[in-house]
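Numbering (this note's numbering), first residue to last: 105 to 323.
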Ligand code: GRF
């Protein structure tokens, strides 16, 4: 059954594009039923409009306080009854109303190999600490900051000449491969977000590691 996706963005939306591209290419049995942004200026909204994807802005500025915004966001997302909520460059911490409506059904992409470098400066921290490799992580969202169970990671080399920007650019290339792969895996059932059927171990195809929430017996 085609997986219904709500994609939450704050900015450029390159990950949104990569997921839609995978859908277009028949690599991912999913449909984007909503693009929601916390910022009216998010460039990803223009892409949604171009592609005729339903979209909305739920801005904290339009709500009395953080709690009211959390409730409004959860209600807006729930309207479209998504199977999966995808945080694709959504630069806010998700509150209890959304987490409670979609337990273990919210995933995020982060530009570092978690649990290293949570927060908003993953590429900067990788350079500052002298890492030779970093990467990106797709994980289940919980109440913490980038703390939920890791689904998949991809490794990116840190070059001696890298600035945070050049490194982030290459990390984003990896994200654009990894994130659609994870969504496709969830759609096809080869990746489960249910920890009760989790199996230890990893599959390594040379560039992408999928761990530790894969269904047993898949490859
Ligand atoms: C990505 O690098 C992601 O890891 C981080 O925010 C960035 C969003 O980029 N959470 P985009 O809006 O998808 O282009």
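Glycine is no exception: its CB is placed at the ideal position from the N, C-alpha and C atoms. Remember, it's a predicted structure, so these values are computed and weren't measured experimentally.
Just tell me which of 117, 213, 184 has its CA closest to the CA of residue 287.
By one-based count along the chain shown, residue 287 stands at place 183. Closest by alpha carbon: 213.
Give me the Cβ distance between residue 209 and residue 297, rounded to the nearest whole Å; I'm assuming they're in contact under 8 angstroms.
For the purposes of this step, residue 209 is identified with residue 105 of the chain shown, where counting begins at 1. For the purposes of this step, residue 297 is identified with residue 193 of the chain shown, where counting begins at 1. Right, the Cβ-Cβ distance comes to about 7 angstroms (below 8 angstroms), so this counts as a contact.
Can you grab the Cα-Cα spacing for the pair residue 260 / residue 274, in whole Å?
Position 156 of the chain shown holds residue 260. Position 170 of the chain shown holds residue 274. If I take the Cα positions, the gap works out to 7 angstroms.
Per DSSP, what are the beta-bridge partners of residue 124 in this structure?
On the chain shown, position 20 is the one that residue 124 refers to. According to DSSP, which records beta bridges pairwise, residue 124 is partnered with nothing at all.
Pull up the CB-CB distance for residue 256 and residue 282, whole angstroms please, since I reckon it's below 8 angstroms.
The residue given as residue 256 occupies position 152 in the chain shown. The residue given as residue 282 occupies position 178 in the chain shown. The Cβ separation is near 6 angstroms, so the contact holds.
My assumption, with CB atoms under 8 angstroms, is that residue 180 sits in contact with residue 198. Please give the rounded CB distance.
Along the chain shown, read from residue 1 onward, the residue named residue 180 stands at position 76. Along the chain shown, read from residue 1 onward, the residue named residue 198 stands at position 94. The pair is not a contact, with the Cβ atoms about 13 angstroms apart (cut-off 8 angstroms).
Would you mind sorting residue 117 into buried or exposed? The rule is 16 or more other CB atoms within 10 Å of its CB.
Here residue 117 refers to the residue found at position 13 of the chain shown. By the 10 Å Cβ count, residue 117 comes out buried.
What are the residues that DSSP puts in a beta bridge with residue 143?
The sequence position of residue 143 within the chain shown is 39, counting from 1. The partner list for residue 143 (beta bridge, DSSP) is empty, contrary to what the question assumes.
Using the three-state DSSP reduction, which class does residue 111 fall into: helix, strand or coil?
Against the chain shown, residue 111 aligns to sequence position 7. Residue 111: strand per DSSP, three-state reduction.
Per DSSP, what kind of secondary structure is residue 196 in: helix, strand or coil?
The residue labelled residue 196 in the question sits at position 92 within the chain shown. Reduced to three states, the DSSP call for residue 196 is coil.
Does the Cβ of residue 289 have 16 or more other Cβ atoms within 10 Å, making it buried, or fewer, making it exposed?
For the purposes of this step, residue 289 is taken as residue 185 along the chain shown, with counting starting at 1. Buried, by the Cβ-count rule.
Is residue 213 near the ligand GRF - that is, is its Cβ less than 6 angstroms away from at least one heavy atom of it?
To locate residue 213, count along the chain shown from 1; it is residue 109. Yes, the Cβ of residue 213 comes within 6 angstroms of a heavy atom of the ligand GRF.
Where do the ends of the alpha helix (DSSP H) carrying residue 181 lie?
As a working mapping, residue 181 is identified with position 77 in the chain shown. Counting along the chain, the alpha helix (DSSP H) containing residue 181 begins and ends at 170 to 183.
Is the beta carbon of residue 262 sitting closer than 7 angstroms to the one on residue 186?
Sequence index remark: in the chain shown, residue 262 carries index 158 (1-based). Sequence index remark: in the chain shown, residue 186 carries index 82 (1-based). No. Outside cutoff.
For the ligand GRF, any of its heavy atoms closer than 6 angstroms to the Cβ of residue 176?
As a first step, residue 176 must be located in the chain shown, where it is residue number 72. The answer is no for residue 176.
Distance check for residue 270 and residue 173, CA to CA, integer angstroms please.
Counting from one through the chain shown, the residue named residue 173 turns up at place 69. Counting from one through the chain shown, the residue named residue 270 turns up at place 166. Their Cα atoms are separated by approximately 34 angstroms.
Counting C-beta neighbours from all protein chains within 10 Å, is the total for residue 304 16 or more, i.e. buried, or is it exposed?
If you number the chain shown from 1, residue 304 lands on position 200. Per-residue confidence for residue 304 stands at a pLDDT of 41, beneath the threshold of 50, marking its modelled position as unreliable; no derived number is given.
Would you identify the three-state DSSP class for residue 278, choosing helix, strand or coil?
Sequence index remark: in the chain shown, residue 278 carries index 174 (1-based). Reduced to three states, the DSSP call for residue 278 is helix.
Less than 7 angstroms between the C-beta atoms of residue 268 and residue 204, yes or no?
The residue you call residue 268 lines up with position 164 of the chain shown. The residue you call residue 204 lines up with position 100 of the chain shown. Contact: no.
Just checking residue 223 against the ligand GRF - is the residue's beta carbon closer than 6 angstroms to any of the ligand's heavy atoms?
Taking the first residue of the chain shown as position 1, residue 223 is located at position 119. Result no, Cβ not under 6 angstroms from the ligand GRF.
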